[in-house]
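Asks: Chains as they are written, first to last, in the working numbering: chain P, 1 to 332; chain U, 1 to 332; chain F, 1 to 332. Ideal Cβ placement from N, Cα and C applies to all residues, glycine included. Next up is a structure, given as structure tokens.
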């Protein structure tokens with residue numbers, strides 16, 4: 001039994017096959033009814049969701065399956081995942097019970113559990129989703145964990161391929177952007193994994209101190225090496241954006257500012273010129289973002305309303321790539 | 001592509017046809033399976049709901065369709081709808097993204113977004129639902145907006161027709177009632193639009209200062225003129241209630257008291273004799289209310305438990321009229 | 001029309017038949033498709049749920065039915081159930097409207113409404129679920145009320161029978177355990193009703209002052225008398241646990257400490273040696289708990305991870321017993 005926890009658990013050829021499956025489902029050339037029909041997906045949300053929940057429900061429903069959605073909330077109800085703890089605090093249930101129990105009610109389990117952004121080392125362990133995987137008795141899907149958002153990554157890959165054709169050798173630039181609060185790194189991690197897996201040159205632009213997870217960067221480097229492409233990390237945004245075939249914009253917080261909101265806010269203000277506008281965009285470039293996006297903070301109105309912006313297509317492709325992932329997991 | 005945003009977007013003959021369709025669905029003489037089967041309705045609730053959510057889900061499910069329900073909550077998560085704003089506040093996403101994205105996941109979109117009751121002019125613009133409509137790429141349903149609750153209005157029309165036969169020429173009285181807090185005007189607006197559209201004489205009774213939306217009143221007058229019926233607005237409740245064929249009771253807040261809770265509370269107390277009881281009801285009158293209703297504040301126990309009270313039938317008819325609306329929207 | 005409110009509304013032979021039906025559904029020897037297919041269950045949760053909601057949805061979905069789930073929340077929205085009240089407080093709607101309205105949208109209604117733990121006499125009346133039953137026009141299911149959790153009880157009965165074969169004459173011990181806050185008695189009540197109904201000897205061990213509901217104890221005594229088995233209540237835990245065929249562990253609050261949190265906390269601390277470990281368990285005993293369970297507070301890690309622990313099977317059996325209950329209610 002395989003899970004869908006990390007793009008790194010699959011090799012690029014398998015990921016490419018999933019993208020092909022997703023395109024076939026979207027075009028109607030194939031159906032996932034045989035795999036998904038009458039099957040039940042149980043989704044557990046520790047954090048809010050608009051696109052993820054809706055696209056997963058839609059993926060199940062349109063191929064004859066069903067989805068059960070549990071919003072366990074942030075503060076309302078908490079699951080313990082550490083071993084050996086005396087559970088006399090806020091945590092009413094342990095993943096050792098919750099994961100196998102939920103496995104009995106459906107055919108697939110999916111979990112969303114964001115990074116806490118208190119301790120970079122803790123987040124890097126991705127302990128909650130890993131604990132669910134350890135005790136699940138059905139395939140488990142990562143709907144965004146502390147380290148990765150692999151469903152988003154695969155949808156991004158599909159979108160590039162739809163718009164640009166074969167992505168190999170194309171230039172993918174991930175640009176950091178300012179925000180009003182620190183955000184997790186799961187999306188940028190999955191975006192660069194997808195770009196590397198798809199065979200693109202990968203450039204990562206962020207201000208000093210905004211380094212991404214070292215393990216993810218190592219995997220990106222390895223995949224780029226296999227594909228014969230380059231990886232670059234730079235603190236100069238403007239110099240690299242204009243040459244991009246794909247400009248992927250995303251904000252995230254600096255690990256050094258975790259638990260120091262004023263320092264993070266000051267850093268956002270100092271880098272307010274990183275807000276992406278139309279002048280960052282090459283003539284035929286794609287502008288990408290995972291959504292939700294704060295207009296005129298992360299990306300300007302003009303850029304988001306430009307025909308080069310494909311954010312709605314990215315969001316739609318969540319549906320088709322997730323259907324392909326589910327089909328794959330259910331087929332074994 | 002047509003939306004279902006306002007009763008005024010349809011002419012009375014079209015609304016009457018929808019009521020006929022709803023009656024046929026309720027009786028089992030027709031089915032909406034062809035239109036609704038395998039289709040997905042995505043519902044977005046900015047405000048709580050008991051009847052609306054359940055009746056929409058039921059309408060989809062019983063004709064072979066599916067419903068996805070997003071409770072985006074009041075404070076939890078907010079959508080910006082204004083153009084050109086720098087989104088550095090509480091609003092994490094813009095309707096320009098949310099509406100087209102949600103349009104991709106299903107076949108129909110439905111939104112509930114109450115009046116804020118801070119600024120009557122702002123509420124009258126109904127900007128949130130209008131913004132969703134502007135960017136939706138599938139038919140959009142109003143599940144109660146700042147100005148109207150057209151699903152409730154159509155259910156009310158159907159209920160009158162079920163109970164009294166042809167409503168033309170019957171006397172419809174909308175009576176204001178006291179409450180413990182100011183409520184929006186969407187339901188009274190839709191109730192009088194439905195009554196006017198159905199060809200009834202319309203009398204509106206409320207204390208001084210509780211005027212309804214001028215645009216809605218204009219439309220009601222125009223429809224009554226077309227039907228050859230009367231419209232009256234009065235501040236005398238008792239004089240008009242006893243002659244009503246239909247007594248529709250509803251509380252709403254006074255625009256002059258928006259942002260002045262003590263003044264509103266004092267006004268409710270001063271008009272506590274507007275609470276409707278059995279002595280307000282004519283012998284063969286219908287007593288109507290959209291629910292939820294606060295017993296012995298808005299309407300007395302005796303009146304609500306009277307056989308002339310049809311509030312549960314009104315609520316049931318939400319299901320059938322909504323199925324008729326959905327069928328119509330999906331059929332083109 | 002029958003409801004499913006209390007195990008005591010059914011006689012033990014009927015309950016045993018439901019357990020047999022549930023086993024047949026689990027094994028695939030029979031299907032509930034004829035009864036459940038295309039039917040709609042409307043669930044109303046006044047309190048949070050993980051297992052109950054998911055297992056009910058799964059029960060409906062896997063036999064072709066549908067479930068609608070309303071989380072009315074704790075503070076968000078409240079229903080009045082008392083007669084004759086002037087509803088000028090927090091309660092926006094009365095059960096007299098909510099129950100018949102929700103009855104119109106689906107084929108079955110289910111309600112979860114926990115004990116308030118403020119007044120033992122009030123809790124013992126189980127007024128909210130009884131009020132729903134009074135006004136419902138479709139069969140009503142108790143998903144845990146102030147006094148009972150009969151779905152859990154039936155799942156427990158099924159689990160014992162699955163693991164031990166014929167339960168008659170076996171020794172069932174319910175042991176109280178400490179916790180971090182007072183919990184309702186609905187689960188222990190249903191556990192001993194199930195044990196008595198299944199023909200087991202019933203021993204209840206708790207510290208002084210933790211007496212269960214007298215009416216439930218009377219019914220347990222009556223059923224045990226009919227079956228020719230013993231009922232014992234003791235304040236000595238260790239002496240009875242080791243001889244149990246089934247050791248059912250559960251914490252609950254002392255009625256004398258309602259509204260006195262420090263006294264309850266002190267009592268938990270004074271009885272911390274009631275935490276159940278492997279040394280409480282006989283060699284071939286079953287260890288049971290309804291979940292969620294706080295590890296190393298209620299039961300130790302070693303005991304929960306022991307092969308004699310069947311808590312995940314209990315949780316799974318919720319699904320099958322609930323399907324059997326629904327089938328029975330829909331068939332008449």
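If we cut at 9 Å on Cβ distances, does residue 326 of chain F have a partner in chain U?
Replies: With 9 Å as the cut-off, residue 326 of chain F does not count as an interface residue toward chain U.
Asks: What is the DSSP secondary structure of residue 313 of chain F, counted as helix, strand or coil?
Replies: Here residue 313 of chain F sits in helix by DSSP.
Asks: Looking only at C-alpha atoms, which of F/87, F/259 and F/298 sits nearest to residue 119 of chain F?
Replies: Residue F/259 is the option with its Cα nearest to residue 119 of chain F.
Asks: Closest to residue 265 of chain P by CA distance: which of P/139, P/97 and P/252 is it?
Replies: The residue with the shortest Cα to Cα distance from residue 265 of chain P is P/252.
Asks: Reducing DSSP to helix, strand and coil, say where residue 210 of chain U ends up.
Replies: Three-state DSSP puts residue 210 of chain U in coil, outside helix and strand.
Asks: Give me whichever residues DSSP pairs with residue 69 of chain P in a beta bridge.
Replies: DSSP, once it has assigned bridges, lists P/43 as partnering residue 69 of chain P.
Asks: What runs of the beta strand (DSSP E), each 3 residues or longer, lie entirely inside the stretch 270-306 of chain F?
Replies: Listed in chain order, they are 286-288.
Asks: Kindly indicate the opening and closing residues of the beta strand (DSSP E) around residue 258 of chain U.
Replies: No beta strand (DSSP E) contains residue 258 of chain U, which DSSP labels as neither H nor E.
Asks: Given a cut-off of 9 Å on the beta-carbon distance, is the pair residue 295 of chain F and residue 87 of chain P in contact?
Replies: Contact flag set, yes.
Asks: Within 10 angstroms of the Cβ of residue 283 of chain P, are there 16 or more other Cβ atoms? Answer buried if so, exposed if not.
Replies: With fewer than 16 other Cβ atoms within 10 Å, it is exposed.
Asks: At 4 residues or longer, what runs of the alpha helix (DSSP H) sit wholly inside the stretch 127-203 of chain P?
Replies: Taking only runs of at least 4 residues, the alpha helix (DSSP H) segments lying wholly in the stretch 127-203 of chain P are 127-135, 150-164 and 186-197.
Asks: Give the single residue among U/244, U/140, U/281 and U/196 whose Cα lies nearest to the Cα of residue 225 of chain U.
Replies: Comparing Cα-Cα distances from residue 225 of chain U to each of U/244, U/140, U/281 and U/196, the minimum goes to U/196.
Asks: Taking 9 Å as the CB-CB limit, is residue 112 of chain P close to chain F?
Replies: Judged by the 9 Å Cβ criterion, residue 112 of chain P is not in contact with chain F.
Asks: If you measure from the beta carbon of residue 34 of chain F to each beta carbon in chain U, is any gap under 9 Å?
Replies: No, because no Cβ of chain U sits closer than 9 Å to the Cβ of residue 34 of chain F.
Asks: With H, G and I counted as helix, E and B as strand and the rest as coil, what does DSSP make of residue 244 of chain P?
Replies: In this structure, residue 244 of chain P counts as coil in the three-state DSSP scheme.
Asks: Please confirm if residue 40 of chain P has its CB atom under 9 Å from at least one CB of chain F.
Replies: Chain F, which has a Cβ nearer than 9 Å to the Cβ of residue 40 of chain P, makes this yes.
Asks: Specify the secondary structure class of residue 338 of chain P as computed by DSSP and reduced to three states.
Replies: Within the shown structure, residues of chain P are numbered from 1 to 332, placing residue 338 of chain P beyond reach of any answer.
Asks: Is there a C-beta anywhere in chain A that falls below 9 Å from the one on residue 283 of chain P?
Replies: In the displayed structure, chain A is absent; the protein chains listed are P, U and F.
Asks: Go through the stretch 86-117 of chain P residue by residue and report every complete run of the alpha helix (DSSP H) that reaches 4 residues or more, in order.
Replies: Fully enclosed alpha helix (DSSP H) runs of 4 or longer: 95-105.
Asks: Name, going along the chain, the residues of the stretch 91-124 of chain F whose beta-carbon falls closer than 9 Å to a beta-carbon of chain U.
Replies: Those residues of the stretch 91-124 of chain F that come within reach of chain U (Cβ to Cβ, closer than 9 Å) are 91, 92, 93, 94, 96, 97, 98, 100, 101, 102, 103, 104, 105 and 106.
Asks: Just to confirm the assignment, what range does the beta strand (DSSP E) spanning residue 14 of chain F have?
Replies: Residue 14 of chain F -> not in any beta strand (DSSP E); alpha helix (DSSP H) instead, spanning 12-27.
Asks: With C-beta atoms as the reference, is residue 342 of chain P less than 9 Å away from residue 289 of chain P?
Replies: In this structure chain P extends from 1 to 332, so residue 342 of chain P is not present and cannot be described.
Asks: Which word fits residue 262 of chain U, buried or exposed, when buried means at least 16 other C-beta atoms lie within 10 angstroms of its C-beta?
Replies: With fewer than 16 Cβ atoms within 10 Å of its Cβ, residue 262 of chain U is classed as exposed.
Asks: Who are the neighbours of residue 55 of chain U on chain F, taking C-beta pairs under 8 Å?
Replies: 105, listed in chain order.
Asks: Cα-Cα, which of P/5, P/19, P/24 and P/36 is closest to residue 126 of chain P?
Replies: Comparing Cα-Cα distances from residue 126 of chain P to each of P/5, P/19, P/24 and P/36, the minimum goes to P/5.
Asks: Looking only at its own chain, which residues have a Cβ that is under 6 Å from the Cβ of residue 317 of chain P, when we skip the five neighbours before and after it?
Replies: Result list for residue 317 of chain P: 155, 158 and 159, in chain order.
Asks: What does the alpha-carbon distance come out to for the pair residue 241 of chain F and residue 78 of chain U?
Replies: Looking at the two C-alpha atoms, the distance is approximately 54 Å.
Asks: Determine the closest residue to residue 114 of chain F out of F/123, F/64 and F/249, with distance taken between C-alpha atoms.
Replies: Nearest C-alpha to residue 114 of chain F: F/123.
Asks: Using the C-alpha atoms, what's the distance from residue 134 of chain P back to residue 307 of chain F?
Replies: Taking the straight line from one Cα to the other gives about 18 Å.
Asks: Is the Cβ-Cβ distance between residue 102 of chain U and residue 65 of chain U less than 9 Å?
Replies: Not in contact: residue 102 of chain U and residue 65 of chain U (Cβ atoms no closer than 9 Å).
Asks: Which of the three DSSP states, helix, strand or coil, is assigned to residue 320 of chain U?
Replies: Three-state DSSP puts residue 320 of chain U in a helix.
Asks: How about residue 321 of chain P and residue 22 of chain P: are their beta carbons less than 9 Å apart?
Replies: In this structure, residue 22 of chain P lies closer than 9 Å to residue 321 of chain P by Cβ.
Asks: For residue 35 of chain U, name the three-state secondary structure that DSSP assigns.
Replies: Helix at residue 35 of chain U.
Asks: Going by beta carbon distance, what residues of the same chain come within less than 7 Å of residue 75 of chain F, once the five residues before and after it are set aside?
Replies: Unreliable positioning characterises residue 75 of chain F in this predicted model, as indicated by a pLDDT of 40, which lies under 50. The coordinate reading is nonetheless provided below. Answer for residue 75 of chain F: no residue qualifies.
Asks: In three-state terms, what does DSSP make of residue 74 of chain U?
Replies: At residue 74 of chain U the pLDDT is 47, less than 50, meaning the model places this residue with poor confidence and gives no usable figure here.
Asks: Taking the alpha carbon of residue 81 of chain U as the point to measure from, which residue in U/93, U/72, U/89 and U/70 has its own alpha carbon closest?
Replies: The shortest C-alpha separation from residue 81 of chain U is found at U/93.
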